[in-house]
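**Q** Take this structure, written in structure tokens, and hold onto it; I'll ask about it next.
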Amino acid sequence: MKNLLFFCFAVMSMCSFSQNKMLDSLAHVIQNYKTQDTNYVNLRIKYTARKMFLTPADTTWPGYVTKTLEISKKLNYPKGIAISYNNLGIINHYFLSDPLEGLHYYQKSYDVFEKAQIYKRYEVGVLTNIGLINYEQQNYDKALQSFKTLLKNPENKSKFSTQFYIGNVYGDQKQLDSALHYYTEALKGAEQNNHFIFLANIKTNLSIVQANVGLLKDALASTKESLNLIEKHNIEGLRVTAYTNAAEVYLQNKDIEKAEYYALNSLKLHEALNSLATKNAALETLAHVYLEKRDYKNAFNTYKKHIVLRDSLINADRKLEISRKEIQYEADKHKAISEIEIERQKSIKNASIIGGSGLLIATLIGFVLYRRKQEAVSKSKEAEFNAKVSDTELKALRSQMNPHFIFNSLNSIGDYILKNDTQSASNYLSKFAKLMRLTLENSEKKEILLSDDIALLKTYMDIERKRFNDKFEYTIEVAKDLDADNILVPPMILQPFIENSIIHGLSQKDTPGLLKISFKMENNMLICSVDDNGIGRKKSISNNTNDDNKSMGMAITKNRIEIINKLKNTNGRVAITDKSEGTRIDVSLPIQFAF
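Numbering (our numbering), first residue to last: 181 to 775.
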């Protein structure tokens, strides 16, 4: 889904958006106000809340809000300080595309409201914005928990906005029935409050869900209603996303000309909102439009731009998540070390005080010291394990996408286009897009169904077969006593080994090769096997092939299995067998059923 994350001003519950005439009048009052008191601050806050969303491209907002903050600090006015911090968070989060800096200001705002209980009702807006940070980083469980808690908050006077955010989360999770339910409830509340900005925003996101469940006429109606509201009230902050969503809805309705019109205009306007996410979505839709028009050259070039931009957004998201994990890891580490040192100092002090009280007491102290030392060692080991978990997660995040594979695939598509082999280019592009989508969806999950993992592996191997001119065949066997739709596995656990087999084994053979993937159960363990008849590891090393990626993939997988063993008290492992022709790898995992 292409959702615009509609932000919350801390004062949104106490004001409504008005026409330009009223805004000009308010600006005139502020300009002619003689005293910098709390009433002056409140006027500036009201003006910001009513005008900022309507003009997101205005570069004067950071300075305007910062001045409001400085005046509030001089007056020692908690409400003005907290709301200004929240608005600075909005500017950095949405206008400047810096969610990490936005989160910094949201937290400062929340701290002020927490201390000044008289303004506690304004916390709802700040907590909503923090919840949206979790949603953007695809931490859906945490985002849902935040929004559903806010839904029960008695201070939340705009519950329809919270229902809208919950609908967004369910929409991204492909739980379309739940998304439709919450969007419908949000629409009722927005209509009752005559909140036309939320109405336009809900309808444009609702149109995508309706299209995805096959309600194409309803989707078209929602799109037109959203666009009409945007035109009527001149809501520039929504126009780019609404155009992008409209392009997708018209594409699914087979109205190719309008789909192209809205996609192109979305790209022209995206600079005003400074939203790379909407540009990325518009490029993806436009590529599909060109594909429908059989304009394969433009389809390829546009899709390539989408991939490059999408990867840059993914890398930015991953950097933010990595920073969070590293900060959390360092905090946990220092906390554990501090606790150990405190315990040690207490032990030394206690031993010094009662050291001369006799052998019996000394023995007792020794026992206490021993126990505390054991606890310290235990805490140290726990800290090391947490560090290993964090490190493995970071490496897994960094290695999920192989840049060489992506660009080799894009070059292969380009070759087909240059050779005018449009059918092969279209098939290759479709499989590549499917692989990227499945990889990104599954990379955020700790466990997925075996059947889903097999589907991803099939798509990956089909692409590699095409890229290497059918130099190998593959088979996938699942034992009859296994139900692939009821078994959970860590996502992409076999992919590094399959990649090694293809790149370092099968692709270097002079004759066609065979790759066998199999799954079976032995002694309550799931045995996942990758068996190839390639040139083997020894010959691969002698050919001076690059083993860096090979070693990294092996190390990451072993660390993941060690973590699973620690958490579930199992004995999973990786076993490598060098055959007379080729290599076999067996990965043993604890069997886990979905239900």
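From the three backbone atoms N, C-alpha and C, an ideal C-beta is built for every residue, glycine too. Keep in mind the model is a prediction, meaning the values are calculated, not measured.
1. Helix, strand or coil, according to DSSP, for SER592 in the structure here?
2. Do the CB positions of ARG472 and HIS486 come within less than 9 Å of each other?
3. Going by DSSP in three states, ILE656 sits in which element: helix, strand or coil?
4. Taking LYS354 as the reference, give the member of SER341, LYS337, VAL389, LEU367 with the closest Cα.
5. Tell me which residues share the same chain as THR482 and place their Cβ nearer than 8 Å to its Cβ, disregarding the 5 neighbours each side in the sequence.
6. Between LYS254 and chain C, is the shortest Cβ-Cβ distance under 9 Å, so that the two count as touching?
7. For ARG753, does the three-state DSSP call read helix, strand or coil?
8. Should THR763 and GLY716 be called a contact, given that it needs their Cβ atoms to be closer than 9 Å?
9. Tell me the DSSP secondary structure of PHE773 in three-state form.
10. Among residues of its own chain, excluding the 5 on either side of PHE775, which ones have a beta-carbon nearer than 7 Å to its beta-carbon?
11. Might you give, ordered along the chain, the residues of its own chain that have their beta carbon closer than 6 Å to the beta carbon of SER709, omitting 5 neighbours on each side?
12. When burial is assigned at 16 or more other CB atoms within 10 Å of the CB, is SER205 buried or exposed?
13. Helix, strand or coil: which one does DSSP assign to ARG474?
14. Less than 6 Å between C-beta atoms, sequence neighbours within five positions excluded: which residues of the same chain meet that for GLU653?
15. Report the CB separation of GLY685 from SER720 in whole angstroms; it is logged as a contact under 8 Å.
16. Grab the span of the beta strand (DSSP E) containing MET701 for me, first residue to last.
17. Could you give the distance in angstroms between the alpha-carbon of ILE436 and the alpha-carbon of ILE263?
18. Considering only their Cβ atoms, is the gap separating VAL292 from TYR315 smaller than 9 Å?
19. Between PHE275, ASN222, THR239, ARG230, which has its C-alpha nearest LEU249's C-alpha?
20. Along the chain, where does the beta strand (DSSP E) containing MET705 start, and where does it finish?
21. Tell me whether the beta-carbon of LEU234 lies closer than 9 Å to the beta-carbon of ILE415.
22. So what's THR240 in DSSP terms, helix, strand or just coil?
23. Can you tell me which of LYS397, THR424, ASN392 puts its alpha carbon nearest to the alpha carbon of LEU407?
24. What is the DSSP secondary structure of THR215, counted as helix, strand or coil?
25. Could you check what DSSP says for LEU629 in three-state terms: helix, strand or coil?
26. Restricting to runs no shorter than 4 residues, where is the alpha helix (DSSP H) found entirely within the segment 280 to 341?
27. Quick check on SER687: does DSSP put it in helix, strand or coil?
28. Would you kindly report the start and end of the unbroken alpha helix (DSSP H) that includes PHE648?
29. Measuring straight from C-alpha to C-alpha, what distance separates LYS759 and ILE678?
30. Helix, strand or coil for THR763, going by three-state DSSP, please let me know.
31. Of all the options GLU440, ALA359, ILE313, which has the alpha carbon lying nearest to the alpha carbon of ALA323?
32. Tell me whether VAL669 sits in a helix, a strand or coil according to DSSP, three-state version.
33. Tell me which same chain residues have a C-beta within less than 6 Å of the C-beta of LEU706, skipping the five on either side of it?
34. Out of ILE298, THR639, LEU360, ASP238, state which residue places its alpha-carbon closest to the alpha-carbon of ASP398.
35. VAL488: which of MET616, ASN385, ILE744, VAL209 sits nearest, CA to CA?
36. Leaving out the 5 sequence neighbours to the left and right, which residues in its chain are closer than 8 Å to PHE773 when beta-carbon positions are compared?
**A** If we stick to the structure as given:
1. On the sequence shown, position 412 is the one that residue 592 refers to. SER592: helix per DSSP, three-state reduction.
2. As a working note, residue 472 is residue 292 in the sequence shown. As a working note, residue 486 is residue 306 in the sequence shown. Checking the sequence shown, residue 472 turns out to be Glu, not Arg. Cβ distance not < 9 Å, so GLU472 and HIS486 don't count as in contact.
3. Along the sequence shown, read from residue 1 onward, the residue named residue 656 stands at position 476. Reduced to three states, the DSSP call for ILE656 is strand.
4. On the sequence shown, residue 354 is found 174 positions in, with the first residue counted as 1. Taking only the C-alpha atoms, the option nearest LYS354 is VAL389.
5. Translated into the one-based positions of the sequence shown, residue 482 becomes position 302. LEU463, LEU466, ALA467, TYR470.
6. Absent here is chain C; the protein component of the structure consists of one chain.
7. Taking the sequence shown and counting its residues from 1, the one referred to as residue 753 is at position 573. Strand.
8. Counting from 1 along the sequence shown, the entry for residue 763 is found at position 583. Counting from 1 along the sequence shown, the entry for residue 716 is found at position 536. Yes, Cβ-Cβ distance for THR763 and GLY716 is below 9 Å.
9. In the sequence shown, the residue the question calls residue 773 occupies position 593. If DSSP states are grouped into helix, strand and coil, PHE773 belongs with the strands.
10. Translated into the one-based positions of the sequence shown, residue 775 becomes position 595. The residues are ASN666.
11. Numbered from its first residue, the sequence shown carries residue 709 at position 529. When the five nearest sequence neighbours on each side are left out, the beta carbons in the same chain lying within less than 6 Å of the beta carbon of SER709 are those of SER698, ASP766, in order along the chain.
12. Looking up residue 205 in the sequence shown gives position 25. The residue is exposed, with fewer than 16 neighbouring Cβ atoms inside 10 Å.
13. Numbered from its first residue, the sequence shown carries residue 474 at position 294. Coil at ARG474, not helix or strand.
14. Locating residue 653 in the sequence shown gives position 473, where the first residue counts as 1. For GLU653, where only same-chain residues beyond five positions count, the Cβ hits under 6 Å are LEU694.
15. For the purposes of this step, residue 685 is taken as residue 505 along the sequence shown, with counting starting at 1. For the purposes of this step, residue 720 is taken as residue 540 along the sequence shown, with counting starting at 1. Confirmed, Cβ separation roughly 7 Å.
16. Taking the first residue of the sequence shown as 1, we reach residue 701 at position 521. Start and end: 693 to 702.
17. Sequence index remark: in the sequence shown, residue 436 carries index 256 (1-based). Sequence index remark: in the sequence shown, residue 263 carries index 83 (1-based). Those two C-alpha atoms are separated by around 45 Å.
18. Within the sequence shown, the letter at position 135 stands for residue 315. Within the sequence shown, the letter at position 112 stands for residue 292. VAL292 is positioned such that its CB atom lies no closer than 9 Å to that of TYR315.
19. Locating residue 249 in the sequence shown gives position 69, where the first residue counts as 1. For the residues PHE275, ASN222, THR239, ARG230, the minimum Cα distance to LEU249 belongs to ASN222.
20. Here residue 705 refers to the residue found at position 525 when the sequence shown is read from its first residue. 705 to 712 is the extent of the beta strand (DSSP E) around MET705.
21. Locating residue 234 in the sequence shown gives position 54, counting from the first residue. Locating residue 415 in the sequence shown gives position 235, counting from the first residue. A contact, by the Cβ cut-off of 9 Å.
22. For the purposes of this step, residue 240 is taken as the residue at position 60 of the sequence shown. Here THR240 sits in coil by DSSP.
23. Taking the first residue of the sequence shown as 1, we reach residue 407 at position 227. The shortest C-alpha separation from LEU407 is found at THR424.
24. Walking along the sequence shown from the start, residue 215 turns up at place 35. Coil.
25. Indexing the sequence shown from 1 puts residue 629 at position 449. Residue state, collapsed to three classes: strand.
26. 303 to 316, 320 to 331
27. Along the sequence shown, read from residue 1 onward, the residue named residue 687 stands at position 507. If DSSP states are grouped into helix, strand and coil, SER687 belongs with coil.
28. Along the sequence shown, one-based indexing puts residue 648 at 468. No alpha helix (DSSP H) contains PHE648, which DSSP labels as neither H nor E.
29. Residue mapping note: residue 759 aligns to position 579 of the sequence shown, counting from 1. Residue mapping note: residue 678 aligns to position 498 of the sequence shown, counting from 1. The straight-line gap from Cα to Cα measures roughly 16 Å.
30. Within the sequence shown, the letter at position 583 stands for residue 763. Residue state, collapsed to three classes: strand.
31. Residue mapping note: residue 323 aligns to position 143 of the sequence shown, counting from 1. Of the listed residues, the one whose Cα sits closest to ALA323 is ILE313.
32. Position 489 of the sequence shown, counted from the start, is the residue given in the question as residue 669. Reduced to three states, the DSSP call for VAL669 is strand.
33. The residue labelled residue 706 in the question sits at position 526 within the sequence shown. The beta carbon of LEU706 is closer than 6 Å to those of LEU769, ILE771 in its chain, skipping five residues each way along the sequence.
34. The residue given as residue 398 occupies position 218 in the sequence shown. Of the candidates ILE298, THR639, LEU360, ASP238, the one whose C-alpha sits nearest the C-alpha of ASP398 is LEU360.
35. Translated into the one-based positions of the sequence shown, residue 488 becomes position 308. Minimum Cα distance to VAL488 is reached at MET616.
36. Here residue 773 is taken as the residue at index 593 of the sequence shown, counted from 1. Here the set comprises ASN666, ILE667, LEU668.
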